Amino acid sequence: MNKTLLAILKVLDRHQDTIIGSREIARELKLYGIILSERTVRYHLKILDERGLTEVFGKEGRKITEKGREEIVNSLVSEKIGFVISRIDTLSYLTNLDLEEMKGDVILNISLINKKDLKQSLKLMKPVFSSPYIMSDRIVVFNSGEKIGDILLHDGMVAIGTVCSVTINGILLKAGIPVISRFGGVLEITKEKPPRFVALISYEGSSLDPLEIFIRGTMTDVHGLMKSGRGRVLASFREIPVVCHSNVKEMALRLKDKGIGGILTIGEPNTPLYEIPVGMDRAGMVIIGGL
Numbered sequence: 148m149n150k151t152l153l154a155i156l157k158v159l160d161r162h163q164d165t166i167i168g169s170r171e172i173a174r175e176l177k178l179y180g181i182i183l184s185e186r187t188v189r190y191h192l193k194i195l196d197e198r199g200l201t202e203v204f205g206k207e208g209r210k211i212t213e214k215g216r217e218e219i220v221n222s223l224v225s226e227k228i229g230f231v232i233s234r235i236d237t238l239s240y241l242t243n244l245d246l247e248e249m250k251g252d253v254i255l256n257i258s259l260i261n262k263k264d265l266k267q268s269l270k271l272m273k274p275v276f277s278s279p280y281i282m283s284d285r286i287v288v289f290n291s292g293e294k295i296g297d298i299l300l301h302d303g304m305v306a307i308g309t310v311c312s313v314t315i316n317g318i319l320l321k322a323g324i325p326v327i328s329r330f331g332g333v334l335e336i337t338k339e340k341p342p343r344f345v346a347l348i349s350y351e352g353s354s355l356d357p358l359e360i361f362i363r364g365t366m367t368d369v370h371g372l373m374k375s376g377r378g379r380v381l382a383s384f385r386e387i388p389v390v391c392h393s394n395v396k397e398m399a400l401r402l403k404d405k406g407i408g409g410i411l412t413i414g415e416p417n418t419p420l421y422e423i424p425v426g427m428d429r430a431g432m433v434i435i436g437g438l
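The sequence shown begins at 148 in my numbering and counts up one residue at a time.
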């Protein structure tokens, strides 16, 4: 599938509950850097119709089919390389939390669970939220029937929203401090020795969220950490310019006072942190994963 057809499918996927025509599709394609006339869009839509990826609703327009959504998910990996880092940059920009008023937009991780498991899930989460290994001490619970963005919670399902570590990128960005997201990893913590990363995946070349990969691989042991002080948690390795070092340390204390304690460690300038080297005139920063 070529980039143009895939981009049209993505536009339709953003409007799953709406029938849209070629004019609206042509307008939104510009966001992907694709300039097409309405007539050319209709030509490409006909191809998608023939493949069963879109459904025609007369002159009103089209909707994406289930097969079309599967095609987006299974699209060429080359189309997805760098997707994660691009998404991080976008979400960082969209964060606009006012630390004085504690109002604004933050980035949430959404976990879907069966409603019958909610009480047990919150019970398991409670000790973690009393520890240093959390992004924020606040969560939000969405009930069946509620809509979170484009996600509709069906009967019997609930969702738990936790603050994502990308929120810190956004807060620092608004303060004029650029953050470079380098790795997502699994951080091993014990009483006997300093923390260390036992697994890392670069954000730059990844087509999947590294932290989700580690969760699916059951590579963490948060319960063990809460119980015995030994375990493994998700964490991200970021870098900041040396010139911002003192400002970031001050911001970390301020965030902690506001209930956002995700910054676990800020390294020294031009010095490896948890055995991970940093770039020239940069300092490392480890942030606890919000998942």
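Ideal Cβ positions, reconstructed from N, Cα and C, are used throughout, including at glycine. Just so it is clear, the structure is predicted and the values come from calculations on it, not from any experiment.
Between the CA atoms of residue j and residue i - distance to the nearest angstrom
i: LEU200; j: ILE172; result: 15 Å
i: SER354; j: VAL333; result: 18 Å
i: VAL310; j: ILE286; result: 7 Å
i: GLY205; j: VAL188; result: 16 Å
i: ILE235; j: ILE348; result: 15 Å
i: GLY436; j: VAL380; result: 8 Å
i: MET148; j: VAL231; result: 21 Å
i: GLY331; j: HIS370; result: 20 Å
i: THR457; j: GLU359; result: Because the chain in this structure spans residues 148 to 438, residue 457 falls outside the shown range and cannot be described.
i: LEU183; j: GLY296; result: 28 Å
i: VAL326; j: LYS193; result: 44 Å
i: VAL433; j: SER383; result: 6 Å
i: GLY303; j: ILE318; result: 35 Å
i: MET398; j: GLU185; result: 49 Å
i: MET249; j: ILE407; result: 11 Å
i: GLY431; j: LYS270; result: 34 Å
i: ILE387; j: GLY180; result: 31 Å
i: ARG329; j: GLY352; result: 10 Å
i: LYS396; j: ILE423; result: 19 Å
i: ASN316; j: SER239; result: 6 Å
i: PRO342; j: LYS263; result: 36 Å
Reduced DSSP secondary structure (H/G/I, E/B, other) of residue i
i: LYS273; result: coil
i: MET304; result: strand
i: ASN261; result: strand
i: LYS338; result: coil
i: GLU351; result: coil
i: SER169; result: helix
i: ASN417; result: coil
i: SER283; result: strand
i: LEU299; result: strand
i: LEU255; result: strand
i: THR237; result: helix
i: ILE318; result: helix
i: VAL288; result: strand
i: VAL345; result: strand
i: ILE362; result: helix
i: PRO424; result: coil
i: PRO388; result: strand
i: PRO325; result: coil
i: GLN267; result: helix
Residue range of the alpha helix (DSSP H) that includes residue i
i: GLU217; result: 213 to 220
i: LYS150; result: 150 to 160
i: THR367; result: No alpha helix (DSSP H) holds THR367; DSSP gives it neither H nor E.
i: ASP196; result: 185 to 197
Bridge partner(s) assigned by DSSP for residue i
i: SER383; result: GLY331, ILE434
i: THR412; result: VAL433
i: ASP245; result: LYS250
i: GLY208; result: PHE204
i: GLY378; result: ILE336
i: THR309; result: ASN256, ILE286
i: ILE232; result: BP columns for ILE232 are empty, so no partner.
i: LYS294; result: LEU299
i: ILE407; result: SER283
Run of the beta strand (DSSP E) containing residue i, from where it starts to where it stops
i: VAL395; result: Unbroken run through VAL395 is the alpha helix (DSSP H), 392 to 404; no beta strand (DSSP E).
i: GLU202; result: 201 to 204
Min CB distance residue i to chain B below 7 Å
i: HIS191; result: Protein chain content of the structure displayed is limited to a single chain, and chain B is not contained in it.
Touch check for the region 375 to 382 and the region 335 to 350: three-plus C-beta pairs under 8 Å? yes
Are there three or more Cβ pairs, one per stretch, closer than 8 Å when the region 240 to 252 is compared with the region 273 to 292? no
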